[in-house]
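Asks:
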Amino acid sequence: MAAAAATTTTTPAWQPQEQGFKEICGLLEQQISHSSSADKAQIWQHLQRYSLLPDFNNYLAFIFSRAEGKSVEIRQAAGLYLKNNLRNAYKSMQPAYQQYVKSELLPCLGAADKHIRSTTGTIISVVVEIGGVVGWPELLQALVNCLDSNDLNHMEGAMDALSKICEDIPQYLDSDVPGLAERPINIFLPRLFRFFQSPHASLRKLSLGSVNQYIMLMPSALYVSMDQYLQGLFVLSNDPSAEVRKLVCAAFVQLIEVRPSFLEPHLRNVIEYMLQVNKDTDEEVALEACEFWSAYCDAQLPPENLREFLPRLIPILLSNMAYADDDESLIEAEEDGSQPDRDQDLKPRFHASRFHGSDEVEDDDDDVVNTWNLRKCSAAALDILSNVFGDAILPTLMPIVEAKLSAGGDDAWKDREAAVLALGAIGEGCINGLYPHLLEIVAFLIPLLDDKFPLIRSISCWTLSRFSKFIVQGIGHPKGYEQFDNVLMGLLRRILDDNKRVQEAACSAFATLEEEAAEELAPRLEIILKHLLTAFGKYQRRNLRIVYDAIGTLAEAVGGELNQPVYLDILMPPLIEKWQQLSNSDKDLFPLLECFTSIAHALGTGFTQFAEPVFRRCINIIQTQQFAKADSTTGVQYDKEFIVCSLDLLSGLAEGLGSGVESLVAQCSLRDLLLHCCVDDASDVRQSAFALLGDLARVCPVHLHPRLSEFLEAAAKQLEISKVKEAISVANNACWAIGELAVKVRQEISPVVLTVISCLVPILQHAEGLNKSLIENSAITLGRLAWVCPELVSPHMEHFMQSWCTALSMIRDDVEKEDAFRGLCAMVKANPSGALSSLVYMCKAIASWHEIRSEDLHNEVCQVLHGYKQMLRNGAWDQCMSALEPPVKEKLSKYQV
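So, in structure tokens, the structure goes:
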């Protein structure tokens, strides 16, 4: 093939050679042909070989733009291949070849064929993404010329390319470009607005979609033309094209989310419009409109503006909550429970790594995999409205719900189902208004658990779970206990339903009830375990995961109650059998590892009899995965989740068995494996590793000893401010682990003390933006370090006393807080003047104790306060006291000052 020189001035333009052109076209033809018996992998390899030639992309560009005699499919294939190639190779291409590809693309903007125009837009967007607008000055002029041309093909082609740039890299058009008097967006915006009025739906859709991409960025060009934009939206609001109406709704939803002030003058009109399109015959338009209500409430606009529309909005939401005829759930609901699951039925799962502290970073992504649709969106809107307006929605809502619930006949089942969904959706927000009728509502729902329609059975499980807190609260009186028992037994019956959808809903609802009921489940433990383990034998793979979760939740709920032979004989044999069936690389092991973690925790030392094989296997899994990561030829596919789940189970064992885990740790290589995990590049592996480090420090620090300095160094590194920002949960666990090590190894922690303090102080000083748990752990660890090495920490006291004492005063009474205050007393003894300027803060921290259980600590705190009282003469102590609020002074009186 001809390789041209890199200079563009003297050499003639690049030309393809006939043979190369034919061969590449032939390969592309085979690649896309459905009938061709040729081996696709072989063709792919041929093409890959060609792609090593420096001018291969020129051939693709030539075939795409000029191979008039070839089919559109071949040309399009060349274009898509070119796009993928440029992603990787554009920067390393010779400038002349880059120029050639770009010059071939521009004429295709106005190609007669729609597919060629669309592929052109895609390739152009990739080139701009890599080389920027600066690298292609001719492009902007070409786009402007096409947009202004009045030729539909040219206008559509340019608009398609522009819309892809706006979608993929909107910020590129809102930046200064050398040589241009204004930003590109300022040039395009008036043209986009003009297309709002185009007779061609395709241009209206593309132009509106492009402007919508800038709502978040809000360039000044859009800011100053906001009235024109809103006028344009109102003009397009009743567009004949559903795609355009959907974009109008999307624009209003985004505006209410990020720039509500722009809509406020027009709010009544916008709400009226949204009510109208929420009933649109096109479901996608109605769905986009329905997003508006949640967005409105989330934007914290005055609810009053919406209140008068509720009597019209609520019936619309309720009518949209019924299953659509084409809802995929209707097909799924027919599925027989004995049918094995296909791989694609298994949703991706997310394991939450172990976290030490009060407020775990919440994940609300449970339903991430389910399709979002008008029914779910309407229910979510009703849920949010019930939380904002409370019982005020009941007079409109309840008559409709009651009418739907009493609708008889098989053909009205979807209305009955939607009414049960509505009751669940308002279960939180309207609980005050529903409370007097709760016994009747629950009594009405229980028989629906046995309805002949599976989707009514499943939604009744969910709605009952929404009231589980109140069902459990009623246990105290006979009627309430009977009802609790009826719900419990009803859900257990549904756990053994033959329908997969109902099994799933029942297990999830039961897990919610377990969390609320906790030890109230103890009298029913045997029957619960029998049902759950019958399900365990009956379920297919996907729902098995939910049974594991229900078993794990049960263990956490009843704790040590589970530790009786009669229960363990039902629970453990099936789980152990499953544990033995699964290989170390089977992902179905994850939920089982999680389940064992909860059981080990609940049983405590009662788990000892099962511990050794479980412990050994976790070590093997971590080892296998670390080998696979280091060497891809081991035949094992590396998956860090195996490591994370195994580390968490080991933590559960350490916490459950206490010092009983020592003999297991003694006879294996856990220490070295754990150190590896503490420096892993994946944050969730590090997070679980530091949790286990802290747990082992508590129960068998002697086994960490030989590599103590390396563990401490790894943990300290996680507290550097850049690391804290990127992985706050890792920093949190590392910080906690350092504190746990400190109280066990005492003076041996001294080499890292100052490094750690220098990281903890900025965390405490900038507490506002950080997670509450990290602040608490930082305060406790700082105190523990001060307790074991007061001579190292006390010289720096004045730098952190205020922010540290503020953090201490937020912590609830427990052993960890006691340790921190021992550190406070030790520092004050070593350097009394260091706390003088922060005395008020220190008094507040001391007053935050409900009561100090430890007598010697109580006495030490007394001594500290008396010491300062004697030190501060001539009214200085009284002055300090007068700066305290009365409740704080009252709390300090128990220390006799």
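All the letters of the sequence shown, read from the start, carry residue numbers 1 to 897 under UniProt numbering. For each residue, glycine too, the CB sits at the ideal point set by N, CA and C. Only a predicted model underlies this, so the values are computations on that prediction, with no experimental measurement involved.
I'd like the span of the alpha helix (DSSP H) that includes W787, first residue to last.
Replies: Stepping through the sequence shown from its first residue, residue 787 is reached at position 787. K772 to V788 is the span of the alpha helix (DSSP H), which, as asked, contains W787.
Asks: Between the C-alpha atoms of T122 and L143, what's the straight-line distance to the nearest angstrom?
Replies: Counting from one through the sequence shown, the residue named residue 122 turns up at place 122. Counting from one through the sequence shown, the residue named residue 143 turns up at place 143. Computed Cα separation, rounded: 14 angstroms.
Asks: Let's see if you can read the secondary structure: which residues bound the alpha helix (DSSP H) around Y273?
Replies: If you number the sequence shown from 1, residue 273 lands on position 273. That run of the alpha helix (DSSP H) goes L267 to V277.
Asks: Using a 10 Å radius around the Cβ and a threshold of 16 neighbouring Cβ atoms, would you call A13 buried or exposed?
Replies: What you label residue 13 is simply residue 13 of the sequence shown in a count that begins at 1. Its Cβ having fewer than 16 others within 10 Å, A13 is exposed.
Asks: Whole angstroms is fine: what's the gap from residue 911's alpha carbon to S149's?
Replies: An answer regarding residue 911 cannot be provided, because it is not within the stretch 1 to 897 covered by the chain.
Asks: Give me, in chain order, the residues of the same chain whose beta-carbon lies closer than 8 angstroms to that of I63; leave out the 5 immediate sequence neighbours on both sides.
Replies: Within the sequence shown, residue 63 is the residue found at index 63, counting from 1. For I63, where only same-chain residues beyond five positions count, the Cβ hits under 8 angstroms are F21, I24, C25, L28, K70, I74, R75 and A78.
Asks: Starting from E655, trace the alpha helix (DSSP H) both ways and give me its first and last residue.
Replies: Reading the sequence shown from its first residue, position 655 is the one you call residue 655. Taken as a continuous stretch (DSSP letters only), the alpha helix (DSSP H) holding E655 covers K640 to L657.
Asks: Between P573 and L533, what straight-line distance do the alpha-carbon atoms span, to the nearest angstrom?
Replies: The residue labelled residue 573 in the question sits at position 573 within the sequence shown. The residue labelled residue 533 in the question sits at position 533 within the sequence shown. Distance between the alpha carbons of P573 and L533 is about 10 angstroms.
Asks: Quick one: is L674 buried, meaning 16 or more other Cβ sit within 10 Å of its Cβ, or exposed?
Replies: Start at 1 with the first residue of the sequence shown, and residue 674 comes out as number 674. By the neighbour-count rule (16 or more Cβ atoms within 10 Å), L674 is buried.
Asks: Helix, strand or coil for N212 per DSSP?
Replies: Within the sequence shown, numbered from 1, the residue matching residue 212 stands at position 212. Reduced to three states, the DSSP call for N212 is helix.
Asks: Taking its Cβ as the centre, do 16 or more other Cβ atoms sit within 10 Å of L52, making it buried, or is it exposed?
Replies: Translated into positions along the sequence shown, residue 52 becomes position 52. With fewer than 16 other Cβ atoms within 10 Å, it is exposed.
Asks: With a CB to CB cut of under 8 angstroms and the five nearest residues on each side skipped, what residues in its chain are close to E428?
Replies: Within the sequence shown, residue 428 is the residue found at index 428, counting from 1. Here the set comprises D383, S386, N387 and R466.
Asks: Under 7 angstroms Cβ to Cβ from A380, same chain only, skipping five residues before and after it: list those, please.
Replies: As a first step, residue 380 must be located in the sequence shown, where it is residue number 380. Excluding sequence neighbours, A380 sits near S294.
Asks: Excluding five sequence neighbours on each side, which residues of the same chain lie with their C-beta closer than 8 angstroms to the C-beta of E526?
Replies: On the sequence shown, residue 526 is found 526 positions in, with the first residue counted as 1. Cβ within range, chain order: V566, Y567 and I570.
Asks: List the whole-angstrom C-beta distance separating R686 from V730, where the pair is believed to meet the contact cut-off of C-beta under 8 angstroms.
Replies: Numbered from its first residue, the sequence shown carries residue 686 at position 686. Numbered from its first residue, the sequence shown carries residue 730 at position 730. The pair is a contact, with the Cβ atoms about 5 angstroms apart (cut-off 8 angstroms).
Asks: Mind checking W372: buried by the 16 CB within 10 Å criterion, or exposed?
Replies: On the sequence shown, position 372 is the one that residue 372 refers to. It is exposed - the Cβ of W372 has fewer than 16 other Cβ atoms within 10 Å.
Asks: Is it the case that the Cβ atoms of I811 and E776 are separated by a distance below 7 angstroms?
Replies: Taking the sequence shown and counting its residues from 1, the one referred to as residue 811 is at position 811. Taking the sequence shown and counting its residues from 1, the one referred to as residue 776 is at position 776. For I811 and E776, yes; Cβs fall inside 7 angstroms.
Asks: Closest to V235 by CA distance: which of E257, I495, Q197 and L203 is it?
Replies: Indexing the sequence shown from 1 puts residue 235 at position 235. Nearest C-alpha to V235: Q197.
Asks: Start and end of the alpha helix (DSSP H) containing A407?
Replies: In the sequence shown, residue 407 corresponds to position 407, counting from 1. Taken as a continuous stretch (DSSP letters only), A407 belongs to no alpha helix (DSSP H), as it is neither H nor E.
Asks: Return yes when the Cβ of E288 is within less than 7 angstroms of the Cβ of A242, no when it is not.
Replies: The residue labelled residue 242 in the question sits at position 242 within the sequence shown. The residue labelled residue 288 in the question sits at position 288 within the sequence shown. No, Cβ-Cβ distance for A242 and E288 is not below 7 angstroms.
Asks: V368 to L255, Cα distance in whole Å?
Replies: On the sequence shown, position 368 is the one that residue 368 refers to. On the sequence shown, position 255 is the one that residue 255 refers to. Here V368 scores only 35 on pLDDT, less than 50, and its place in the model is too uncertain to base an answer on.
Asks: Determine the direct distance from the alpha carbon of Y435 to that of C290, and round the result to whole angstroms.
Replies: In the sequence shown, the residue the question calls residue 290 occupies position 290. In the sequence shown, the residue the question calls residue 435 occupies position 435. Going from the Cα of C290 to the Cα of Y435 covers about 28 angstroms.
Asks: CB L892 to CB A847, shorter than 7 angstroms?
Replies: In the sequence shown, the residue the question calls residue 892 occupies position 892. In the sequence shown, the residue the question calls residue 847 occupies position 847. Contact flag set, yes.
Asks: At a cut of 8 angstroms, does the segment 871-891 reach the segment 851-860 through at least three beta carbon pairs?
Replies: Taking 8 angstroms as the limit for Cβ pairs, the verdict is that the segment 851-860 does not touch the segment 871-891.
Asks: For the alpha helix (DSSP H) containing F821, name the first residue and the last one.
Replies: Here residue 821 corresponds to residue number 821 of the sequence shown, with the count starting at 1. That run of the alpha helix (DSSP H) goes V815 to A830.
Asks: Helix or strand or just coil, what does DSSP make of N499?
Replies: Translated into the one-based positions of the sequence shown, residue 499 becomes position 499. Here N499 sits in strand by DSSP.
Asks: Using a threshold of 7 angstroms, state whether the C-beta atoms of P219 and I185 are closer than that.
Replies: Position 219 of the sequence shown holds residue 219. Position 185 of the sequence shown holds residue 185. Result yes, Cβ atoms of P219 and I185 sit closer than 7 angstroms.
Asks: Does the distance from the CB of V558 to the CB of L521 come in under 7 angstroms?
Replies: The residue you call residue 558 lines up with position 558 of the sequence shown. The residue you call residue 521 lines up with position 521 of the sequence shown. Yes, Cβ-Cβ distance for V558 and L521 is below 7 angstroms.
Asks: In the DSSP assignment, find the unbroken alpha helix (DSSP H) run with E335 in it and report its ends.
Replies: Counting from 1 along the sequence shown, the entry for residue 335 is found at position 335. Counting along the chain, E335 falls outside any alpha helix (DSSP H), and DSSP gives it neither H nor E.
Asks: For R259, collect the residues of the same chain with a Cβ closer than 6 angstroms to its Cβ; drop the 5 residues on either side in sequence, then sort them by chain order.
Replies: Here residue 259 refers to the residue found at position 259 of the sequence shown. No residues qualify anywhere along the chain.
Asks: Find out if the Cβ-Cβ distance for the pair R784, V743 is shorter than 7 angstroms.
Replies: Walking along the sequence shown from the start, residue 784 turns up at place 784. Walking along the sequence shown from the start, residue 743 turns up at place 743. Yes, they are a contact pair.
Asks: Drop a sphere of 10 angstroms on the beta-carbon of G110, count the other beta-carbons inside from all chains shown, and report buried for 16 or more, exposed for fewer.
Replies: The count along the sequence shown starts at 1 and reaches residue 110 at position 110. The residue in question, G110, is buried, as its Cβ has 16 or more Cβ neighbours within 10 Å.
Asks: Which same chain residues, not among the five before or five after L208, have their C-beta less than 6 angstroms away from its C-beta?
Replies: Here residue 208 is taken as the residue at index 208 of the sequence shown, counted from 1. If we look at L208 and ignore the five residues flanking it on each side, its Cβ neighbours are L247.
Asks: Do C805 and V864 have their C-beta atoms within less than 7 angstroms of each other?
Replies: Counting from one through the sequence shown, the residue named residue 805 turns up at place 805. Counting from one through the sequence shown, the residue named residue 864 turns up at place 864. Not closer than 7 angstroms, so no.
Asks: Assuming residue 949 and Q503 form a contact by the criterion Cβ under 8 angstroms, report the distance between their Cβ atoms to the nearest whole angstrom.
Replies: Past the boundaries of the shown model lies residue 949; the chain is included only from 1 to 897, so the question cannot be answered.
Asks: Can you round the beta-carbon distance between A697 and L741 to whole angstroms, since I take them to be within the 8 angstroms contact cut?
Replies: The count along the sequence shown starts at 1 and reaches residue 697 at position 697. The count along the sequence shown starts at 1 and reaches residue 741 at position 741. Their Cβ separation, rounded to whole angstroms, is 4 angstroms, which keeps A697 and L741 in contact under 8 angstroms.
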